[in-house]
Amino acid sequence: MNIEGYEFPEGLYYDKNHFWARVEGDVVVMGMNEYAQKMAGSIVYVGLPPEGKKLTQGKNFTKLESGKWLGKVFAVVSGELLAVNEELERKAKLINEDCYGKGWMFKIKPNNLDELKNLMTDPNVIREWLKGEIAQHGKK
Amino acid sequence: MKLSNLTPKQLVEIDACTRCGECLNYCPVYAQKKEEEIDPRGKIQAFKSFIRSQYGLWAKIFGPKKLDDEKLKKFSEMVYRCTLCGECSVSCPVSIDAKSLWTALRETLVEMGHYPEAANRVKTNVLQTHNVSGDENEERTEWLEYLNELPDHHYQKEKAQVAFFVGCVASFFPLVQKIPLAFVEILNRAEVDFTLLGGEEWCCGFPLIGAGMRKEAEVLIQHNLEVVKKRGVEKVVFACPSCYHTWMKEYKTDIEIFHSTQFIKKLINEGKISFKEKKMKVTYHDPCDLGRASGVYEAPREILQTIPGVELVEMEGNREQCKCCGGGGNLEMVDPDLSAALAQAKIDEIQATGADTVITSCQQCVRTILTTARRKEIPINAMDITEFVLKNMK
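See the structure below:
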């Protein structure tokens, strides 16, 4: 679905920190949404924490860089870091090129999938929230 | 316009500029912009005209002229579009210490309210959170989680002989956190009794001094001195050349200070570090604040030449003539495109050597070179000397 000029694919869950979640069996895959990657500009590095790290929904657990800009990455669900996208070590720009596909960031073993209910799926809810974000931060 | 931020020597230096234009051959910013107002000669002439309008003969007879806001704004843009690399200082035939002059001019401009908004953001971050990134200062050592083994004290001891002052960029910017990780491992393997300062480490003050806000840095200087004294530290070691240089110039202390390259060289001399063979051709980039500002040219080269099999090839501009990577003087926050243009020129120079990797001794140089290379997908390897040493240690 296209919301305010940005792609937000159906079937994903979206948090208000600009990350998405996708359920694959009993694993949650997460990445950055299109609005955020465009606002960040060319991403040059993502911190890839050690697997096994304990994560809490809504808490930051690593950072990414695009030039002078330093962004935080927030966990979409609580759980344990299962895997990182090793390709990003070599080419973090994959997040810019394909944020919902090859630019995925982390796989999480969730503590409780019910936490996904805290995320957004309704296009109207996403649209209202994104309008506020654009009003605050602008758009690219 | 007050001149109280300039020393009598600096006022004489302004008058001593003969407009010979030798600095134009060296200034990396002029090489990109080709604008007379931005080069050292142009800035000195512009400031001289301000002084004359305020303090010259006609000003004494008829009173000082009102300064033109537009001219001041333009002048400020020129003064802040500078990496403070200091190549103008070492190339000036009449030995004008231009680099010191630029920071004094920035102080004058700050007093007059003519400075970039970005400098205010840095000031707010540094004074409120005690680091440049604006993160919680307690997160300074989060990078430790990447170590395979972490002792119970998390390298934060109440007392230690040596303190490793990590610096803001290497603490908070993930692209260069491999540097403190490598240096901690080197110190550990060489059995050095060292500590990190954790959340008690505050910004050294360099970003404020570089922005023309020297007075604001005093609180940071006093804090950091108290923290190292409290821990009984005899030596402070820095992997960041700007922190090292700031301590050298601004911190009044008897505590010995070392850049990581000097400290690693010392450990090699003491037989605590030795290397396996590595067949590789490398070049070395002199960070401005380590080379021209602090006079450390040989320690990093001696380290590289100690590693069996490593062939060191110099860039056309090396040591005093090494070109800035574009990452200095807060230029990136004022004019990122200009900073990237300088980085591209540096990358071209690196590639011309045919080296496999460029080694440097500064997190900001690594960031600037790698950021431009990654954006443009240029296949170039750049790493800090601490990483290279750790990779090749026996």
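If you read the sequences in order, they're chains A and B.
In terms of the working numbering, the numbers along the first sequence are unbroken and rise by one, the last being 141.
In terms of the working numbering, the numbers along the second sequence are unbroken and rise by one, the last being 494.
The beta-carbon is built from N, C-alpha and C at its ideal position, and this holds for glycine as well.
In this text the structure is predicted, and so the values were computed from the model without any measurement.
(Q) Does PRO108 of chain B come out as helix, strand or coil in the three-state DSSP assignment? (A) helix
**Q.** Segment contact flag, the region 59-74 of chain A with the region 269-283 of chain B, C-beta cutoff 8 Å, min 3 pairs
**A.** yes
Q) So who's on the other strand from HIS359 of chain B, going by DSSP bridges? A) B:PHE338
**Q.** At least 3 beta-carbon pairs within less than 8 Å: the region 182-200 of chain B vs the region 426-436 of chain B
**A.** yes
Q) When you compare only the Cα positions, how much space is there between PRO341 of chain B and MET348 of chain B? A) 10 Å
Q.
On the DSSP letters alone, give me the boundaries of the alpha helix (DSSP H) that PRO400 of chain B sits inside.
A. 398-406
Q: List the residues of chain A that PHE272 of chain B touches, going by C-beta distances under 8 Å, in chain order.
A: Close to PHE272 of chain B, with beta-carbon spacing below 8 Å, are these residues of chain A in chain order: LYS64, LEU71.
(Q) Taking the alpha carbon of GLY395 of chain B as the reference point, which residue from B:CYS422, B:THR353, B:VAL489, B:LEU244 has its own alpha carbon closest? (A) B:CYS422
Q: Using the Cα positions of ARG221 of chain B and GLU134 of chain A, report the straight-line distance between them to the nearest angstrom.
A: 21 Å
Q. So ILE309 of chain B is in the alpha helix (DSSP H); what residue range does that whole segment cover?
A. 306-311
Q.
Assess contact between the region 34-52 of chain A and the region 106-114 of chain B, defined as three or more Cβ pairs (one per stretch) separated by less than 8 Å. Is contact present?
A. As far as the Cβ criterion goes, the region 34-52 of chain A does not touch the region 106-114 of chain B, which means the pair count is below three.
(Q) Only counting the same chain, and skipping five residues up and downstream in sequence, which positions put a Cβ closer than 8 Å to that of THR57 of chain A? (A) ALA76, SER79
Q: Tell me, please, whether the region 151-162 of chain B touches the region 211-221 of chain B by the rule of three or more beta-carbon pairs shorter than 8 Å.
A: Touching, no, given that fewer than three Cβ pairs across the two stretches are closer than 8 Å.
Q) Quick one: does LEU412 of chain B have its CB under 9 Å from some CB of chain A? A) no
Q) With 16 as the cutoff for other CB atoms within 10 Å, does LEU287 of chain B come out buried or exposed? A) buried
Q) What whole-angstrom Cβ distance do VAL505 of chain B and LYS378 of chain B have, given they're in contact under 8 Å? A) One cannot answer for residue 505 of chain B here, as it falls past the ends of chain B, which runs 101 to 494.
Q: Take PHE264 of chain B and list the residues in its own chain whose beta-carbon comes closer than 6 Å to its own, dropping the five residues that flank it on each side.
A: PHE294, LEU296, VAL337
Q. Can you tell me whether DSSP reads ASP448 of chain B as helix, strand or coil?
A. DSSP, reduced to helix, strand and coil, places ASP448 of chain B within a helical segment of the structure shown.
Q: Go through its chain and collect everything with a Cβ distance to LYS102 of chain B's Cβ below 8 Å, but skip five positions before and after it.
A: THR208, GLU211
Q | Complete runs of the beta strand (DSSP E) confined to the region 408-476 of chain B [at least 3 residues] | A | 410-413, 457-460
Q | Unbroken beta strand (DSSP E) run spanning HIS138 of chain A, endpoints | A | Note, HIS138 of chain A: premise wrong, no beta strand (DSSP E); alpha helix (DSSP H) at 124-138.
Q. CA-CA distance, GLU356 of chain B and VAL333 of chain B?
A. Cα to Cα, the separation comes out at about 9 Å.
(Q) To the nearest angstrom, how far is the alpha carbon of LEU143 of chain A from that of MET2 of chain A? (A) Because chain A is modelled from 2 through 141, residue 143 of chain A falls outside the range shown and cannot be assessed.
Q. Residues bridged to MET493 of chain B by DSSP?
A. B:PHE375
Q. If you measure from the beta carbon of ASP235 of chain B to each beta carbon in chain A, is any gap under 9 Å?
A. yes
Q.
Whole angstroms are fine: how far does the CA of ALA455 of chain B sit from the CA of ALA204 of chain B?
A. 39 Å
Q | Span of the beta strand (DSSP E), counted from its first residue to its last, around THR523 of chain B | A | This structure cannot speak to residue 523 of chain B, because chain B is shown only from 101 to 494.
Q. Considering PRO111 of chain A, what are the terminal residues of the beta strand (DSSP E) in which it resides?
A. 107-111
Q | Reference MET483 of chain B, options B:ILE279, B:LYS446, B:GLN444, B:ASP354, closest by Cα | A | B:ILE279
Q.
Just verifying my parser: in three-state terms, what is the DSSP assignment at VAL85 of chain A?
A. If DSSP states are grouped into helix, strand and coil, VAL85 of chain A belongs with the strands.
Q: Tell me whether ARG467 of chain B is buried or exposed, calling it buried when 16 or more other Cβ atoms sit within 10 Å of its Cβ.
A: Burial call: buried.
Q. Excluding the five sequence neighbours on either side, which residues of its own chain have a C-beta within less than 7 Å of the C-beta of LYS173 of chain B, listed in chain order?
A. Around LYS173 of chain B, the same chain offers HIS214 as residues with beta carbons nearer than 7 Å, after the five sequence neighbours per side are excluded.
**Q.** For ASN418 of chain B and THR457 of chain B, believed in contact at Cβ under 8 Å, the rounded distance
**A.** Actually they are not in contact, since the Cβ atoms of THR457 of chain B and ASN418 of chain B sit about 16 Å apart, beyond 8 Å.
Q. Got a sec, what are the start and stop residues for the alpha helix (DSSP H) ASP169 of chain B sits in?
A. 169-180
Q: Kindly list the residues whose CB is nearer than 7 Å to the CB of ILE144 of chain B, restricted to its own chain and excluding five residues on each side of it in sequence; keep chain order.
A: ILE114, CYS117
Q | Inter-residue spacing [alpha-carbon to alpha-carbon] between LYS1 of chain A and GLU5 of chain A | A | Since the first residue of chain A shown is 2 and the last is 141, residue 1 of chain A is not available in this structure.
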